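Chains as they are written, first to last, in the working numbering: chain S, 140 to 408; chain W, 133 to 575. Note that CB positions come from ideal geometry on N, CA and C, so glycine has one too. Keep in mind that this is a model prediction, so the values were computed, not measured.
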Amino acid sequence: MGNNVTAATKFGFIKEFWQYRELFYFFIWRDVKVRYKQTVLGALWAVIQPFSTMIVFTIFFGKFAKMPSEGVPYPVFSYSALVPWTFFAGAVGNSGNSLIGNSDLLTKVYFPRFAIPASAALSGIVDFFIASLILFGIMIFYHIPFSWSLMFWPILVIPLIILSLGLGMVFSSLNVRYRDIKYTIPFIIQVLLFITPIIYPISILPERYQRLAALNPLTGIIEAFRSTVIPNKNVDFLLLAVSITVSLLIFLLGLAYFRKTEKEFADIV
Amino acid sequence: MTDAITVEHLSKKFDISKLRKETQFREALVNFAKRAIFRSKDFKEEIWALNNVSFSVGKGEIVGIIGRNGAGKSTLLKILSKIMYPTNGKINIQGRVGSLLEVGTGFHWELSGRENIYLNGSILGMRKKEVKSKLDAIVDFAEVERFLDTPIKYYSSGMRLKLGFSVAAHLDTDILFVDEVLAVGDVAFQKKCLDTMKDLRNSGRTVIFVSHTMSTVENLCPRVLWFDKGELRMDGRSSDVINHYISQFGEIEAKTKFDLTDVPNRQGTGIIRYLGIEFLTLDGEPKEHIYCGDGLKVRLYYKVNKPISKPEFYFNMKTDVGSRVTTFGTALSGHEIQTLYPGTGYIDVDIEFFNILPDRYYMNLWINTCDVLITENDINHDGIDCGAAINVEVPNSNQLSNELEKTCGLANKGFDKWWGVMFIPCKWNFQGLHTSNILTKNV
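(1) Just how far apart, CA to CA, sit S/Phe-150 and S/Arg-398?
(2) Identify, in the order they occur along the chain, each residue of the same chain with its Cβ nearer than 6 Å to the Cβ of S/Gln-188, setting aside the five sequence neighbours on each side.
(3) Between which two residues does the beta strand (DSSP E) holding W/Trp-498 run?
(4) Taking C-beta pairs closer than 7 Å, name the residues in chain S that W/Met-586 reaches, listed in chain order.
(5) Between S/Asn-233 and chain W, is the shortest Cβ-Cβ distance under 9 Å, so that the two count as touching?
(6) Got a sec: is the Cβ-Cβ distance from W/Leu-256 to anything in chain S below 9 Å?
(7) Taking the straight line between their C-alpha atoms, what separation do you get for W/Phe-146 and W/Phe-447?
(8) Need the endpoints of the alpha helix (DSSP H) that S/Ser-312 sits in, please.
(9) Could you tell me which residues DSSP puts in a beta bridge with W/Lys-435?
(10) Give me the Cα-Cα distance between S/Arg-252 and S/Ser-303, rounded to the nearest whole angstrom.
(11) Are the region 369-378 of chain W and the region 189-204 of chain W in contact at 8 Å, needing three or more beta carbon pairs?
(12) Going by the CB atoms, is the gap between S/Val-195 and S/Ile-277 shorter than 9 Å?
(13) Residues of the region 221-251 of chain W in Cβ contact with chain S at a cutoff of 8 Å, in chain order, please.
(14) In whole angstroms, what is the alpha-carbon distance linking S/Leu-387 and W/Leu-209?
(15) Looking at C-alpha atoms only, which residue of S/Pro-293, S/Trp-292 and S/Phe-333 is the closest neighbour of S/Asn-355?
(16) Alpha carbon to alpha carbon, how far is W/Pro-490 from W/Val-526? Give it in angstroms, no decimals.
(17) Taking the alpha-carbon positions, what's the S/Ile-389 to W/Lys-264 distance?
(18) Would S/Ser-217 and S/Gly-201 qualify as a contact pair, given that the criterion is a beta-carbon distance under 9 Å?
(19) Compile a chain-ordered list of the residues in the region 314-332 of chain S whose CB is closer than 9 Å to at least one CB of chain W.
(20) Run the CB neighbour count on W/Cys-558, radius 10 Å, all protein chains shown included, and call it buried at 16 or more, exposed below.
(21) How about W/Gly-257 and W/Gly-296: do their beta carbons lie closer than 9 Å?
(22) S/Tyr-322: buried (16+ other C-beta within 10 angstroms of its C-beta) or exposed?
(23) Mind listing the chain S neighbours of W/Ser-259? Cutoff is C-beta to C-beta under 8 Å, in chain order.
(24) Could you tell me the alpha carbon to alpha carbon distance between W/Phe-562 and W/Asn-487, rounded to whole angstroms?
(25) Our contact map puts S/Ala-254 next to S/Phe-166 with C-beta atoms below 8 Å; I'd like the distance itself, whole angstroms only.
(26) Just how far apart, CA to CA, sit S/Glu-403 and S/Trp-292?
(27) Grab the span of the alpha helix (DSSP H) containing W/Gly-541 for me, first residue to last.
(28) Could you check the C-alpha separation between W/Cys-353 and W/Ile-194 for me, to the nearest Å?
(29) Using the beta-carbon of each residue, which ones in chain S are nearer than 8 Å to W/Arg-158?
(30) So with Cβ pairs under 9 Å, would you call S/Asn-355 a contact of chain W?
(31) Within its chain, find whatever has a CB closer than 8 Å to the CB of W/Asn-512; leave out the 5 residues flanking it on each side and keep chain order.
(32) Quick one: give me the first and last residue of the beta strand (DSSP E) that W/Ile-225 is part of.
(33) Compute the beta-carbon to beta-carbon distance between W/Pro-283 and W/Ser-244, rounded to the nearest angstrom, for a pair I have assumed lies under 8 Å.
(34) Report the residues of the region 321-350 of chain W with a CB closer than 8 Å to any CB of chain S, ordered along the chain.
(35) From the DSSP output, in three-state form, read off W/Arg-365 for me.
(36) Kindly indicate if chain S contains any beta-carbon less than 9 Å away from that of W/Phe-146.
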């Protein structure tokens, strides 16, 4: 064979993806650019979503329900989880609908199909970092000392990306075949919001349920995000390791399912 | 010569039943349960869009692909471009591939012209560097420099097409797959597009070109593949293949009377249908031959199934290479027909002087109404491709030919398709000898 790209070998797709990296970059660039171009508030949107949710949560769960918040004011407690959560929810939702939203591309040009859900998932990363800056502002406002562990805040987004990519790939390819998947994605995301310790600390769960909650890969990741912000809260490395392992498993399963189904995308989309 | 493309026993199957059913996840679950409980077999409806196709294309060859709709041309192009996966068979391609199945793929309306050039270029497989170096040429070609930083949602559709074609035209790959994306924009731009395609011939690139326009294919491609119902029917020199294709395509016998009641694949709502078409003398007498320069009455028989207001009757004439000669239409001649009620009838069109040169011509017939109230779009009620074929013959009596010569200056020598498809009545006046070359200057 000549210098043409081949995805025939088992891991050829990785090499191929590398060859198409510029397109991947352009897809992300397009999504980010369009998002900020189309809205009046532009970059402010990145902040409004987690921030207003934080205010609602603070009023109802912090003030009225008197939810414990691990020694920091409830706004800091909830916002530190809402920033990664917002990224996750957006990434899964966007990439889950990405293939059907780009059906013209699927039927008219060739490129590694993985680039579509992946770029859709990653385009929220800019929002994530803008929303993170506000977190630091809130911490200063409440006189929360910055600790060295805050350095891990941006790094923790990596397992979060892996997890949302895994789910995004499954949802997006199911979406091509079954059009009612579109309606189930928001529902699943909503359920995840409540079974993940975002509104409440994991410590309010009985011991037995804590172990069960650990199987939810979001638990360990969100908890770890929180421990970089809250003083005297140590990272639960075991919990994080479990979450990362589960995330990787979901990613690999998602990739396998995606690779298996991508061959018929152009036939049925 | 090394082969750039080798295709061996390529087949592609579509399972239509699978595509139509089970588009909802819950349906899929229900059906799965049904199958498990009742052990009922799946009802399968399969179509072989491509069936055991093999061919190879040498480096630098330009190959045209022709065939009717649904013959598998687009599927082949999509499989070669790796957009679709084949069911069976092997493909081997040597070199960098670019495929142009559509103009402006992936354009985003909110982004500016410049941004879309980069985006589209990268979608087509260009490197950012490459786009950057060609940006001026692309912009120049598309004639959009003034609007380069305007979001393309403010562009006219023509401008967007031009922009799309320009990016595509600057795609520089060893192998190019092109679907008929040529006919874009205004006439001047179309010519530019065609010229670009012609340049491909001298560029040493391997090109596979799918088209419906026989004249374009014959012009651009020395070799042509003819696909029919998923199979490679013929592979050879373009003029040979095109002639065979056309003789097949015009398989209807040339007559002067056609029954159109049982035409397969007709389009439209069916509120009104053609029953037949007949060629008569101007006096309404049956006619066996149609001669160049004749007086002709064309009678269109129709059947109305539901009341229909202001139907517009049309038929056109095409040459054997598919070029349209002319179109006759009630609305084109400003003739309005009031509401028609269920029943049958006919409408005549009188052609005093059928100044079409001898050859074989094919007719498409259709009936539209114009939805004036809401969309201003045409609604198609009946549509027949190649419903009739006529042979226009050389007038057989000298007298007639003399008559023609007298009235419009057409001599016997003129009755040849070599001169074109029609002649325009004219009179020559010899003005004597002049010693200097003047063009009505100082006269």
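Let's see:
(1) 11 Å
(2) Thr-225
(3) 491-502
(4) Chain W is shown only over 133 to 575; residue 586 of chain W falls outside these bounds and no answer can be derived.
(5) no
(6) yes
(7) 35 Å
(8) 296-316
(9) W/Arg-405 and W/Thr-476
(10) 17 Å
(11) yes
(12) no
(13) Asn-224, Ile-225, Gln-226, Gly-227, Arg-228, Val-229, Ser-231, Leu-233, Glu-234, Thr-237, Gly-238, His-240, Glu-242, Leu-243, Glu-247, Tyr-250 and Leu-251
(14) 37 Å
(15) S/Phe-333
(16) 6 Å
(17) 40 Å
(18) yes
(19) Arg-316, Tyr-317, Arg-318, Asp-319, Ile-320 and Thr-323
(20) exposed
(21) no
(22) exposed
(23) Checking the sequence, you will find Arg at residue 259 of chain W rather than Ser. Residues of chain S passing the Cβ test: Glu-161.
(24) 24 Å
(25) 6 Å
(26) 39 Å
(27) Note, W/Gly-541: premise wrong, no alpha helix (DSSP H); not H, not E.
(28) 5 Å
(29) Asp-319
(30) no
(31) Gln-399, Gly-400, Thr-401, Trp-498, Ile-499 and Asn-500
(32) 220-225
(33) 6 Å
(34) none
(35) strand
(36) yes
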